[in-house]
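Below is one structure, written out as structure tokens, with a few remarks after it.
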Amino acid sequence: MKKILSRIFLLLLFSFVFFAAQSQQRFPKPEFESGYEQPTPTTPEPRSAGMEWADVFVLLAVLSMASWLAIKKRSRKGMIWLSLFTLIYFGFYREGCICSIGSIQNVALAFFDSGYKLSLTVLAFFLLPLIFALFFGRTFCAGACPLGAIQDLIVINPVSIPSWVRKTLDFFPYVYLGFAILFAATGTDFIICRYDPFVGIFRMNAPYIMILLGVAFLFLGMFFARPYCRVFCPYGVLLNWMSKFSKWHMTISPAECIKCKLCEPSCPFDAIEIPVNEKERTESSVRKNLKRFSFYLVLIPVWILAGGFALSKAHVFLSRANPTVYLAEILITHPELKTDTENLDIQTFLESGKSMQELVEEATLIRNKFRRGGWYLGGFLGLVLGIMIMNQFTMRKQEIYEPHKGNCFSCARCIDYCPVEKKK
Amino acid sequence: MSKKGLSILIVAIIVVIIGIIIIDFIGNNALNRGGNPYEYNVDEYKEVDPSLIHYKETKNIALGDIIPRGMDIFKGDIYITGENFLKVIGIHGVQKLNISLEESGICVLARDEFIIAGLEQEVLIFDHMGKLINSWKPDTETTYITSLAILNNILFVADAGNRRVLKYTTEGNYLGEFEGKSESDDQHGFIIPSPHFDMVVNEFDELWIVNPGKHAIENYNEKGELRGFWASSSMNIEGFTGCCNPAEIAVLSNGSFVTSEKGMVRIKIYSQSGELESVVAAPEKFQEEGTAPDVKVDENDVVYALDFDRKLIRVFEKKLSE
Chain A
1 MKKILSRIFL
11 LLLFSFVFFA
21 AQSQQRFPKP
31 EFESGYEQPT
41 PTTPEPRSAG
51 MEWADVFVLL
61 AVLSMASWLA
71 IKKRSRKGMI
81 WLSLFTLIYF
91 GFYREGCICS
101 IGSIQNVALA
111 FFDSGYKLSL
121 TVLAFFLLPL
131 IFALFFGRTF
141 CAGACPLGAI
151 QDLIVINPVS
161 IPSWVRKTLD
171 FFPYVYLGFA
181 ILFAATGTDF
191 IICRYDPFVG
201 IFRMNAPYIM
211 ILLGVAFLFL
221 GMFFARPYCR
231 VFCPYGVLLN
241 WMSKFSKWHM
251 TISPAECIKC
261 KLCEPSCPFD
271 AIEIPVNEKE
281 RTESSVRKNL
291 KRFSFYLVLI
301 PVWILAGGFA
311 LSKAHVFLSR
321 ANPTVYLAEI
331 LITHPELKTD
341 TENLDIQTFL
351 ESGKSMQELV
361 EEATLIRNKF
371 RRGGWYLGGF
381 LGLVLGIMIM
391 NQFTMRKQEI
401 YEPHKGNCFS
411 CARCIDYCPV
421 EKKK
Chain B
1001 MSKKGLSILI
1011 VAIIVVIIGI
1021 IIIDFIGNNA
1031 LNRGGNPYEY
1041 NVDEYKEVDP
1051 SLIHYKETKN
1061 IALGDIIPRG
1071 MDIFKGDIYI
1081 TGENFLKVIG
1091 IHGVQKLNIS
1101 LEESGICVLA
1111 RDEFIIAGLE
1121 QEVLIFDHMG
1131 KLINSWKPDT
1141 ETTYITSLAI
1151 LNNILFVADA
1161 GNRRVLKYTT
1171 EGNYLGEFEG
1181 KSESDDQHGF
1191 IIPSPHFDMV
1201 VNEFDELWIV
1211 NPGKHAIENY
1221 NEKGELRGFW
1231 ASSSMNIEGF
1241 TGCCNPAEIA
1251 VLSNGSFVTS
1261 EKGMVRIKIY
1271 SQSGELESVV
1281 AAPEKFQEEG
1291 TAPDVKVDEN
1301 DVVYALDFDR
1311 KLIRVFEKKL
1321 SE
């Protein structure tokens, strides 16, 4: 039944998006004059402050509800209904904006650009899920994220991919987060919003490439559950960090785990920690691992320096993503392009009254930011990579089945698999 | 599919997604963005599959230094009206009659007994010698006459300015009018956003009126009651585009319609029930964003198009192989 519902849901989504893309314009125009005057186009008013706070309130309520459902009520069914509400409210009604994932960029830009004012509601959207994750785990992912909700509904036949592939893919959200912050901080682009694969579905309108991405993600999500959350979501990185320290994280068993293994295949996200066979832990293996661990620990500063150096060297290439830098560069190398009346970017610059010198100075400033940012980003990615490699040699002590606090989305699927009764 | 196969597929899709994002991101710059994304461009719709074009242009008649507005074909002669004139010219371009008008003629209709000229706000009836027999003016100032048709001795006068069709006797007695409204809720009266509102009576004595705002051709009885219609809206060749098309129509002897469109100028043939049968002339034959040619058909189903932009009467005949 769930499979059929999922397929119908997918079909509806795809057809909405394609029909929206097929809309046509009218040509020729009417000729009769009826005295009607075209109204002057106006910029739509932003959402009123009251309504913005209402959104924050809804987020707070949904987060509280999700945490209660995951930890106290332990109800998967309740979580599904809550996800549906989130999908309708934050997805289709609010059209995917504002979302906590994208708010990373607003916060980053406000941090690095004093001219950009961050609204309190955006800050609340950024902080609330992180605060909740710090206490209750990633309940935001379970019930309050529209991107998570839309993917959760289409999980049909999830497969568990090899551990080495999973661990390799785990690195990508850090890369995405790093670049999203770099591009936001330099005023280049909000790439998280631009490449949000589901916003086109929520708005029933998107460029062709985004429709393609949305469809690809949904198709992928049928077999590889929540691909965006696991391989791309930059906010997931922050939630993962917070959740690792969560005090009251959801548990699989309501009481003592009896290690029945029933929950083992229940998680489509491979986020259940399986008990380690202590018999395999020999003194020589411990020593060998410790040696390797120490070696890679010492190597971390090298990774940081190498990453920082590499990306700072790439700052010229990276800064071309900034429209000002790119414009300055092409106008210097191809001054004849100034006569290209078809090129909107160039014509807009020429009509702005800005001089070439001003443009170059502005571009130089941005390029310097990229050089500095390249050091930070490269260093950060080097650190992450170093820790990830080093962690391959940690001796895990795991005695019971429990969710991986960082990776678990607190979706409550595994709860239904546990035969242990709650102590009264 | 095996687990290993699925894993490979999953990784491959992820790699493709990342690749698409990177390529799009790198490619989206001032040089690669291409032309103005907000530019209104309908060029792709101007292409017509050559196999659809069943007609060829066989002749044209230059009209010289006059401003033509409307045309009719009757018994081998071409009746043409325009800025302060009504002319009759033979099929080879020889002028047979020239009547001076005080105002511009918009449309003309020739029959055995008379020639009727529709000015913007007046109907004039001449005999074939050019003598004025009768004339009258509809009662409103906003009248804009665009087409004339006769069915069972009733003269139908299309008034685009008031979105109505007036009915008269050929002596000028007012018989009534209708606005194309139907009793059915899903129907609408005539929607006329431009001064193009054409009518035609076919071989089977059916009155067909264009409802251009609805991209429809509607069949009415003498009382002005809607009997049937078909409509086709599309930017593609199969339909009509924009605010108001078709601008002009004519009928072939088998009842098929010849339609002429403005904006993206093209002449096409539709079956009686509205299926596209063929194309007479593709947009490339006309001036870009030009005026819709007035179209008429003679007894041999040869299509005559009055090309206002080039001041030509262009003759289109069916290709022999068709």
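Chain order of the listed sequences is A and B.
Per our numbering: the first sequence = residues 1 to 424.
Per our numbering: the second sequence = residues 1001 to 1322.
Just so you know, even glycine gets a beta-carbon here, dropped at the ideal spot from N, CA and C.
None of the values given here were measured: they were computed from a predicted structure.
(message) For B:ARG1164 and B:LEU1101, I'd like the C-alpha separation in whole angstroms.
(response) 25 Å
(message) To the nearest angstrom, how far is the alpha carbon of A:TYR296 from that of A:TRP241?
(response) 21 Å
(message) Please state the DSSP three-state secondary structure of B:LEU1148.
(response) strand
(message) I'd like to check one pair, A:PRO146 with B:ALA1030: are the Cβ atoms closer than 8 Å?
(response) no
(message) Given this structure, state the Cα-to-Cα distance separating A:ARG292 from A:PHE393, to the nearest angstrom.
(response) 7 Å
(message) Please report the distance separating the alpha-carbon of A:THR341 from that of B:ILE1020.
(response) 29 Å
(request) Have a look at the DSSP bridge pairing and note the partners of B:ILE1209. (result) B:MET1199 and B:GLU1218
(request) Tell me whether the beta-carbon of A:CYS418 lies closer than 8 Å to the beta-carbon of A:ILE252. (result) yes
(request) Within the same chain, show all residues whose beta-carbon is closer than 6 Å to that of B:ARG1324, passing over the 5 residues directly before and after it, in chain order. (result) Summary: the structure shown does not reach residue 1324 of chain B, with chain B confined to residues 1001 through 1322, and so no result is reported for it.
(message) Rounded to whole angstroms, what is the Cα-Cα separation between A:GLN22 and A:LYS77?
(response) Bear in mind that a pLDDT of 45 at A:GLN22, under 50, signals an unreliable position, so the model cannot answer this.
(request) Report the three-state DSSP secondary structure of B:ASN1060 (helix, strand or coil). (result) strand
(message) Quick test of the definition: if touching needs 3 or more C-beta pairs under 8 Å, does the region 88 to 99 of chain A touch the region 162 to 172 of chain A?
(response) no
(request) Give me the Cα-Cα distance between B:TYR1055 and A:TYR89, rounded to the nearest whole angstrom. (result) 57 Å
(message) Using a Cβ-Cβ cutoff of 7 Å, what residues of the region 333 to 347 of chain A are near chain B? List them in chain order.
(response) GLU342, ASN343, LEU344, ASP345 and ILE346
(request) For B:VAL1011, return the contacting residues in chain A, with the cut-off set at a CB-CB distance below 7 Å. (result) VAL165
(request) Label A:HIS249 either buried or exposed according to how many other C-beta atoms from any shown protein chain fall within 10 Å of its C-beta, with 16 as the threshold for buried. (result) buried
(request) Would you mind stating whether A:GLY327 and A:LEU359 have Cβ atoms separated by less than 8 Å? (result) Sequence check: residue 327 of chain A is Leu here, not Gly. Closer than 8 Å, so yes.
(message) What does the Cβ neighbour count give for A:GLY148, buried or exposed, with the cut at 16 atoms within 10 Å?
(response) buried
(request) Go ahead and pull the three-state DSSP assignment for A:ALA21. (result) A caution first: A:ALA21 carries a pLDDT of 44, below 50, which makes its placement in the model unreliable, though a value can still be read off. A:ALA21 falls in the helix class under three-state DSSP.
(message) Would B:LEU1252 and B:ASP1307 qualify as a contact pair, given that the criterion is a beta-carbon distance under 8 Å?
(response) no
(request) Take the Cβ of B:ASP1127 as the centre, count every other Cβ of all protein chains shown within 10 Å, and call the residue buried at 16 or more, exposed below. (result) exposed
(message) Between B:LYS1181, B:GLY1172 and B:ASP1159, which has its C-alpha nearest B:GLY1228's C-alpha?
(response) B:LYS1181
(request) Output the distance between the C-alpha atoms of A:GLN24 and B:ASN1236, rounded to the nearest integer angstrom. (result) Residue placement at A:GLN24 is flagged as unreliable, the pLDDT there being 41, under the threshold of 50; the coordinate-derived value follows with that caveat. Approximately 10 Å, taken between the alpha carbons.
(request) Examine chain A for any beta-carbon lying closer than 8 Å to the beta-carbon of B:ASN1029, and answer yes or no. (result) yes
(message) Can you check whether the C-beta of B:ASP1198 is within less than 8 Å of a C-beta belonging to chain A?
(response) no
(request) Starting from the Cα of A:GLN398, find the closest Cα among A:SER294, A:ILE274 and A:ASN343 and give me that residue. (result) A:ILE274
(message) Please state the DSSP three-state secondary structure of A:PRO419.
(response) coil
(message) Counting beta carbon pairs with one atom in the region 100 to 113 of chain A and one in the region 217 to 237 of chain A, are three or more of them shorter than 8 Å?
(response) yes
(message) If you follow the alpha helix (DSSP H) that A:ALA388 is in, where does it begin and where does it stop?
(response) Looking at the sequence itself, residue 388 of chain A is Met, so the reference to Ala does not match. Start and end: 356 to 391.
(request) Indicate whether B:ALA1305 and B:SER1256 have their beta-carbon atoms separated by less than 8 Å. (result) no
(message) What would DSSP say about A:LEU153, mapped onto helix, strand or coil?
(response) coil
(request) Could you tell me the distance, in whole angstroms, from the CA atom of A:CYS257 to the CA atom of A:SER246? (result) 20 Å
(request) Assign B:SER1092 to one of two classes, buried (16 or more other C-beta atoms within 10 Å of its C-beta) or exposed (fewer than that). (result) Ser is not the amino acid found at residue 1092 of chain B; the sequence shown has His there. Exposed, since its Cβ has fewer than 16 Cβ neighbours within 10 Å.
(request) Determine which residues share a DSSP beta bridge with B:THR1081 and list them. (result) B:GLY1070 and B:LEU1086
(request) For B:GLY1180, go through chain D and note every residue whose CB falls closer than 9 Å to its CB, in chain order. (result) The structure shown contains no chain D; its protein chains are A and B.
(request) Spell out whether any CB of chain A is found under 8 Å from the CB atom of B:PHE1353. (result) The shown model of chain B, from 1001 to 1322, leaves out residue 1353 of chain B, and the question about it has no answer.
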